[in-house]
Amino acid sequence: MSTTQTQTETKKSKQKLAIIDTDIHERVLYKDLLPYLDNPWRHYIENCGWIQEKHLPYVQPTVAGVDRADAVPPNGGLPGTDLKFMQEQLLDDIGHEFGILTGALDPSPSSMHGWPEMATALASAYNDWQIENWLEKDERLYGSIQIAAQEVESAVKEIERVGNHPKMVQVLLPIDDIMWGDPQYHPIFEAAERHNLMIGMHHNEPPSYYGKWPRYFIEWHTLIPTAHIMMITNLVFNGVFEKYPNLKCMMIEGGFTHVPHIMRKMDQQYKDLRHEVPWLKRKPSQVIKENFCFTTQPVEELSKKEFMQLLDQLGSEDIISFSTDYPHWDYDSPYRALPNLDKELSKKIFSENARNFYPKLPKKEGGEQ
Amino acid sequence: MKQVVCKKEDIMPGEMMQSNLGRIEIVVCRTLDGEFYAYTNKCIHQGASLSKGKLCGTSTQTDTVGEYNYCHEGEILRCPWHGREFDIKNDGKMLADPKVKLPSFQVDIEGDDVVVSK
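Heads up: the sequence lines are chains S and P, in that order.
Residue 338 in the UniProt record's numbering sits at position 338 of the first sequence, with consecutive numbering throughout.
Residue 116 in the UniProt record's numbering sits at position 116 of the second sequence, with consecutive numbering throughout.
Set out below in structure tokens:
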């Protein structure tokens with residue numbers, strides 16, 4: 001049992017933190033999806049060895065690939081596949097109040113470049129598997145709806161099918177090479193808003209070098225925030241949040257330190273070029289403050305002074321939410337990743353901003369925020 | 001503070017072991033040449049248990065783009081989370097930023113005993 005690390009984490013704190021962790025990667029194996037798939041889809045996986053195509057030309061040159069080396073469950077399985085071990089190593093040890101599951105990106109139906117019927121079947125199977133094996137087995141865990149967003153009609157049907165589940169809090173869209181702000185995808189946002197769901201955007205394998213791949217993983221991984229910037233720009237200027245004002249978007253695993261820049265850049269451009277996007281009635285920075293939230297991980301190493309300067313430039317204490325990215329290799333420790341912040345600010349970042357962001361998360365008893 | 005943490009044969013060359021010096025959690029490493037080294041078991045970045053990482057080699061600095069010189073096998077302690085590299089034969093210095101290093105402990109071999117002291 002490799003729980004030494006988490007024991008070490010909690011020792012550092014006099015009391016456990018109240019955390020709403022906005023990025024936890026549970027992992028499904030294709031064999032686990034088989035009971036939730038009808039034929040011919042099951043047949044293609046079971047008998048033909050079908051797997052989703054991958055794009056990254058490198059593996060993560062870390063200690064254990066994409067994962068923390070100490071997150072392997074006792075049965076030797078892959079990190080993120082064992083709820084009991086995740087409970088011990090993360091949820092119980094840290095003391096999570098809630099955690100938002102965001103999948104492990106394989107399969108990621110919306111990232112598939114072909115076979116949309118298979119993508120649609122996988123999304124439905126994934127949702128049923130997630131509900132039965134995670135959401136209904138741990139009251140702290142909340143889920144993300146997988147869809148095959150490239151097939152808008154079927155994606156909307158899937159949101160209609162599972163969107164009313166009390167523990168599904170958002171629709172997951174990958175940041176890859178499709179710009180989801182384009183009007184053809186707006187029915188997805190309409191369906192999400194209708195079901196009181198938010199949008200979770202998490203990069204999968206975006207070709208972040210002008211549509212191509214850099215030579216080295218370190219370049220690609222450094223540039224992930226640029227893929228997030230592209231998606232923010234696309235969503236705002238295509239008027240998604242003017243059409244669906246109750247909808248919000250959680251930008252997951254891109255950090256937040258790029259946001260002050262893009263707010264200013266978009267505002268400057270809006271003053272000059274507003275007439276090109278006359279449906280955008282608010283300043284882009286205002287849209288970002290009112291309709292976006294950003295998970296902290298993978299946060300740069302910041303002093304308290306640097307952190308507060310960035311927050312000042314962001315102009316809001318309400319749009320960043322802590323995330324661990326467990327069980328991935330660039331996990332952020334709730335006790336070590338951020339500088340020591342004042343109590344009220346810490347409370348916002350570690351729990352209250354996420355609680356306010358997701359309307360389906362339970363409010364605190366007595367209405368306290 | 002001085003403590004026997006294990007026998008020499010408990011750690012084979014190229015391996016490492018978590019142990020304690022009093023209340024301090026340490027990692028005892030043995031390089032391929034048979035030498036022993038002891039460091040704090042907590043990564044100075046975010047506190048991961050280094051004994052869950054890897055004792056491996058690395059590609060050293062080069063002046064030529066595209067050239068890889070993999071060496072120092074068994075001498076580089078890599079963190080299990082973010083993969084930061086510490087040179088255990090060079091005072092635990094972080095390869096990417098040698099100004100910072102892992103807190104280290106004195107190791108003496110007394111007969112078959114591995115003795116760590118602070």
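Using N, Cα and C, we set each Cβ at its ideal position, and we do this for glycine too.
Interface annotation, Pro80(P): in contact with chain S, CB-CB separation under 8 Å. Nearest CB-CB separation between Tyr335(S) and chain P: below the 8 Å threshold. One finds nothing in chain S with a Cβ atom closer than 8 Å to the Cβ of Ser19(P); even the nearest lies about 12 Å away. Residue-level contact by beta carbon holds for Arg68(S) and chain P, with a gap shorter than 8 Å. Residues of the region 41-73 of chain S with a C-beta less than 8 Å from any C-beta of chain P: Pro61, Thr62, Val63, Ala64, Arg68, Ala69 and Asp70, listed in chain order.
For Arg30(P), the enclosing beta strand (DSSP E) begins and ends at Ile24 to Arg30. Here Tyr209(S) has Glu219, Trp220 and Leu223 as same chain residues with Cβ atoms under 8 Å from its own Cβ, once five neighbours each way along the sequence are excluded. Glu242(S): not part of any beta strand (DSSP E); member of the alpha helix (DSSP H) spanning Val240 to Lys243, first to last residue. Using a Cβ-Cβ cut-off of 8 Å, Gln61(P) does not count as an interface residue toward chain S, since no Cβ of chain S sits closer than that to its own. By the neighbour-count criterion, in which 16 or more other beta carbons inside 10 Å mark a residue as buried, Leu247(S) falls on the buried side.
Note that the C-beta distance between Lys289(S) and Ser316(S) is below 8 Å. Secondary structure of Ala192(S) (DSSP, three-state): helix. Contact annotation: Ile109(P) and Tyr37(P) have beta-carbon atoms that are not nearer than 8 Å.
Excluding its 5 nearest sequence neighbours in each direction, Val100(P) has C-beta neighbours in its own chain below 7 Å: Ile44 and Met94, listed in chain order.
Chain S has a Cβ within less than 8 Å of the Cβ of Gln46(P). Between Phe241(S) and Met179(S), the alpha-carbon positions lie close to 15 Å from each other. DSSP lists His202(S) as the bridge partner or partners of Pro174(S). In chain order, Trp81 and His82 make up the part of chain P whose C-beta sits under 8 Å from the C-beta of Asp330(S). Residues are counted here when their Cβ sits less than 7 Å from a Cβ of chain S; for the region 29-57 of chain P these are Lys42, Gln46, Gly47, Ala48, Ser49, Lys52, Gly53 and Lys54, given in chain order.
For Pro13(P), no beta strand (DSSP E) encloses it, and the DSSP letter there is neither H nor E. In the three-state scheme derived from DSSP, where H, G and I count as helix and E and B as strand, His165(S) is classed as coil.
Secondary-structure assignment with DSSP links Ser104(P) through a beta bridge to Tyr39(P). Judged by beta-carbon spacing, Ser321(S) lies beyond the 8 Å limit of Thr120(S), meaning their Cβ atoms are not closer than that value.
Relative to Asp112(P), the option among Met1(P), Lys2(P) and Cys6(P) whose CA is nearest is Cys6(P). Between the C-alpha atoms of Gly239(S) and Phe189(S) there is a straight-line separation of about 11 Å. Cβ-Cβ distances below 6 Å link Pro174(S) to Ser108, Ser110, Ser111 and Asn204 in the same chain, with the five nearest sequence neighbours on each side left out; the list follows chain order.
Judged by beta-carbon spacing, Lys137(S) lies beyond the 8 Å limit of Leu101(S), meaning their Cβ atoms are not closer than that value. Comparing alpha-carbon positions, the option among Gly14(P), Asn20(P) and Glu15(P) lying closest to Met1(P) turns out to be Asn20(P).
In this structure the region 329-339 of chain S does not touch the region 269-286 of chain S; the number of beta carbon pairs closer than 8 Å is below three. The residues Ile175, His203, Pro206 and Ser208, in chain order, have a CB closer than 6 Å to that of Ala227(S) in the same chain once the five nearest residues on each side in sequence are set aside. Remark: C-beta atoms of Thr81(S) and Arg140(S) do not approach each other more closely than 8 Å.
With a 10 Å radius around the Cβ and a threshold of 16 neighbouring Cβ atoms, His261(S) comes out exposed. The region 4-84 of chain S is shown to contain whole beta strand (DSSP E) runs of 3 or more residues at 19-24, in chain order.
Taking the CA atoms as reference points, Val259(S) sits about 26 Å from Phe98(S).
A Cβ-Cβ separation of about 5 Å places Met201(S) in contact with Met251(S) under the 8 Å criterion.
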